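A.B. asks: So the sequence shown is numbered by the numbering used here: it starts at 964 and just counts up by one. Glycine residues also receive a C-beta, built at the ideal position from the N, C-alpha and C atoms. Source: prediction; values computed, not measured. Sharing a structure below in C-alpha cells format, with a few things to ask.
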Amino acid sequence: MDLSQLHLFKDIVQTRSISRGATLNGVTQSAASQSVQELERLLGTQLLDRSRRPLEILPAGKLLYDFGRDVLRRHQEFLVGLEDLRGATGGAVRIAAIYSVGISEMSRLEAEFARRLPGADLQVHYLRPEKVYQAVVDDRVDLGLVSYPEPTREVLALPWREEPMVIACAPSHPLASASTLHAAQLSNTTFIGFDEDLPISRDVERFLREQGIRARVVMRFDNIQSMKEALRLGNAVSLLPAPILREEVAEGRLRAIPLEKPFFRPLGIIHRRRRTFPRAAQVFLDLLREPEAG
C-alpha cells in the first residue's frame, strides 16, 4: 500500500466513481479498478460494492478512507515542514472562488501575491458555492472564497470583507441618471436576479421585501458575466456588489447607483479545520486578511 494508492482510493470514495477517481489521478479506469482489487486482496476484505450506482462504500472502505485521508494530510504537513526548513520561495496555492468574486479582483490579488512570493503558482477555480465547500472538504483546494460564509463541522469560516450592493443598469435606463436611489423608486421595476438557490439571491429578495418592494424578476443567472450582459442589452436593473462593476462603469457600459439605505454582501474565506498550509497558501491567506487587500 503506497501514497498513490491511498490518494486514488480517496478520490474514488469522494466521487463515488472509479472512472472519475481515475481521471482525477491521471490513470485509466482499468488501472484504478486493479488498484482497488489489490487493496482488497491485501486487506482481505471487500471495500466497495461495485454493483451499486453510485458506488456504495462498505464499512472497511470507510475505515480505509479515513485512514488514508489522515496519512495524506500528515504527508502534506511533512512536505510543508520540509519546505519551511529549506526556505523555499515558490510553491503553489489552490483557490476555489464563487463566480461573483470577480476575475478583475483576483487579478489584482494575483499581482500582489506574485510580488510577495516570486515563482509561486496561484491556481484559481471558479465554482458554485456548494462546490467551493466540497472542494475545501475534499482537500482539492487550500482556500475557498464565498459569500455568506458558514462554518461546518469540517470547515472554518473567516470574515473577509463586506461589499456594498448597488443598483446596476444600462446607461439608457430611466433610473441611470440618479445619484442615489430610495427603495420606493424601485417599485414596478424589472429585475435580473441570481439563481434562487444562491445565498445572495435570498438576501437580495429579503432586503427588497423589508423595503416593501416586490421584485419582478424576469431572468436569473448564476454567472455574473451573463447578468452584466443582460443588463447592458435590456431594460432591467439588478442589485450587484459594487466592486464587480468597476470596469463596466469606468468604460460607460453600465451605471452603478448607490442605495440610500446601505446593503452589504459579506464575503468570507473558508478552509478545512486544523489545516496546515504550505508557505504559498499562508502568504496568500495573510494577503487576503490585510485591510488593504479587501
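Report the rounded CA-to-CA distance for His970 versus Asp1033, giving the unit in angstroms.
C.D. replies: Residue mapping note: residue 970 aligns to position 7 of the sequence shown, counting from 1. Residue mapping note: residue 1033 aligns to position 70 of the sequence shown, counting from 1. Roughly 11 Å between the two C-alpha positions.
A.B. asks: Since Ile1232 sits in a beta bridge, which residues does DSSP pair it with?
C.D. replies: Within the sequence shown, numbered from 1, the residue matching residue 1232 stands at position 269. Paired residues: Leu1108 and Leu1121.
A.B. asks: Any idea if Gln977 is buried or exposed, counting beta-carbon neighbours within 10 angstroms, 16 or more meaning buried?
C.D. replies: For the purposes of this step, residue 977 is identified with residue 14 of the sequence shown, where counting begins at 1. When all chains shown are included, Gln977 counts as buried.
A.B. asks: Put His970 into one of helix, strand or coil per three-state DSSP.
C.D. replies: For the purposes of this step, residue 970 is identified with residue 7 of the sequence shown, where counting begins at 1. Three-state DSSP puts His970 in a helix.
A.B. asks: Please report the straight-line C-alpha distance between Gly1257 and Ile1020, rounded to a whole angstrom.
C.D. replies: Counted from its first residue, the sequence shown places residue 1257 at position 294. Counted from its first residue, the sequence shown places residue 1020 at position 57. Summary for Gly1257: the model assigns pLDDT 43, below 50, so the residue's position carries little reliability; its value from the coordinates is reported in the next sentence. So the alpha carbons of these two residues sit roughly 42 Å apart.
A.B. asks: Could you spell out where the alpha helix (DSSP H) holding Asp1166 opens and where it closes?
C.D. replies: Your numbering for residue 1166 matches position 203 in the sequence shown. Asp1166 -> alpha helix (DSSP H) spans Pro1162 to Glu1173.
A.B. asks: Ile1061 and Leu1108 - do their beta-carbons sit closer together than 8 Å?
C.D. replies: What you label residue 1108 is simply residue 145 of the sequence shown in a count that begins at 1. What you label residue 1061 is simply residue 98 of the sequence shown in a count that begins at 1. For Leu1108 and Ile1061, yes; Cβs fall inside 8 Å.
A.B. asks: Classify Gly984 as helix, strand or coil using the three-state DSSP reduction.
C.D. replies: Here the question's residue 984 lines up with position 21 in the sequence shown. Looking at Gly984 - three-state DSSP - the assignment turns out to be helix.
A.B. asks: Going by alpha carbons, who is nearest to Ala1083 out of Arg1242, Glu1253, Asp1249 and Leu1251?
C.D. replies: Numbered from 1 along the sequence shown, position 120 holds the residue referred to as residue 1083. Comparing Cα positions, the closest option is Arg1242.
A.B. asks: I believe Ile1207 touches Ile1187 by the beta-carbon criterion, under 8 Å. Please report the beta-carbon distance rounded to the nearest angstrom.
C.D. replies: Position 244 of the sequence shown, counting from 1, holds the residue named residue 1207. Position 224 of the sequence shown, counting from 1, holds the residue named residue 1187. With 8 Å as the limit, Ile1207 and Ile1187 qualify as a contact, their Cβ atoms being about 6 Å apart.
A.B. asks: Considering only the beta carbon of each residue, do Leu1144 and Ile1130 sit closer than 8 Å?
C.D. replies: In the sequence shown, counting from the first residue as 1, residue 1144 sits at position 181. In the sequence shown, counting from the first residue as 1, residue 1130 sits at position 167. The answer is yes: Cβ separation under 8 Å.
A.B. asks: Can you name the residues that DSSP bridges to Glu1019?
C.D. replies: Numbered from 1 along the sequence shown, position 56 holds the residue referred to as residue 1019. The partner list for Glu1019 (beta bridge, DSSP) reads Asp1012.
A.B. asks: Is the number of C-beta pairs between the stretch 1132-1141 and the stretch 1187-1207 that are closer than 8 Å three or more?
C.D. replies: Output reads yes: the stretch 1187-1207 touches the stretch 1132-1141.
A.B. asks: So is the beta-carbon of Val1104 under 7 Å away from any non-hydrogen atom of the ligand MG?
C.D. replies: The model on display carries no ligand, and the ligand MG is accordingly not part of it.
A.B. asks: Look at the alpha carbon of Gly1175 and the alpha carbon of Asp1185, and state the distance between them as a whole number of angstroms.
C.D. replies: Within the sequence shown, numbered from 1, the residue matching residue 1175 stands at position 212. Within the sequence shown, numbered from 1, the residue matching residue 1185 stands at position 222. Answer to the nearest angstrom: the Cα atoms are 25 Å apart.
A.B. asks: Roughly how many angstroms lie between the CA atoms of Ser1201 and His1038, to the nearest whole one?
C.D. replies: In the sequence shown, the residue the question calls residue 1201 occupies position 238. In the sequence shown, the residue the question calls residue 1038 occupies position 75. Roughly 47 Å separates the two Cα atoms.
A.B. asks: So, under 8 Å CB-CB, Leu1106 and Ala1244 are touching, yes? Tell me the CB distance rounded to an integer number of Å.
C.D. replies: For the purposes of this step, residue 1106 is taken as the residue at position 143 of the sequence shown. For the purposes of this step, residue 1244 is taken as the residue at position 281 of the sequence shown. Confirmed, about 6 Å.
A.B. asks: First and last residue of the beta strand (DSSP E) that includes Gln1086?
C.D. replies: Sequence index remark: in the sequence shown, residue 1086 carries index 123 (1-based). Residues Asp1084 to Leu1090.
A.B. asks: Are the beta-carbon atoms belonging to Ser1110 and Ser1063 less than 8 Å from one another?
C.D. replies: As a position in the sequence shown, residue 1110 is number 147, starting the count at 1. As a position in the sequence shown, residue 1063 is number 100, starting the count at 1. Yes, Cβ-Cβ distance for Ser1110 and Ser1063 is below 8 Å.
A.B. asks: Could you name the residues of the same chain whose beta carbon sits closer than 6 Å to that of Leu1090, not counting the 5 residues immediately before and after it, in chain order?
C.D. replies: Locating residue 1090 in the sequence shown gives position 127, where the first residue counts as 1. Counting only Cβ-Cβ distances below 6 Å, and skipping sequence neighbours, we find Ala1059.
A.B. asks: Starting from Phe1247, trace the alpha helix (DSSP H) in both directions and tell me its first and last residue.
C.D. replies: Translated into positions along the sequence shown, residue 1247 becomes position 284. From DSSP, the alpha helix (DSSP H) with Phe1247 extends over Arg1242 to Arg1252.
A.B. asks: May I ask which residues mark the beginning and end of the beta strand (DSSP E) holding Arg1103?
C.D. replies: Indexing the sequence shown from 1 puts residue 1103 at position 140. No beta strand (DSSP E) contains Arg1103, which DSSP labels as neither H nor E.
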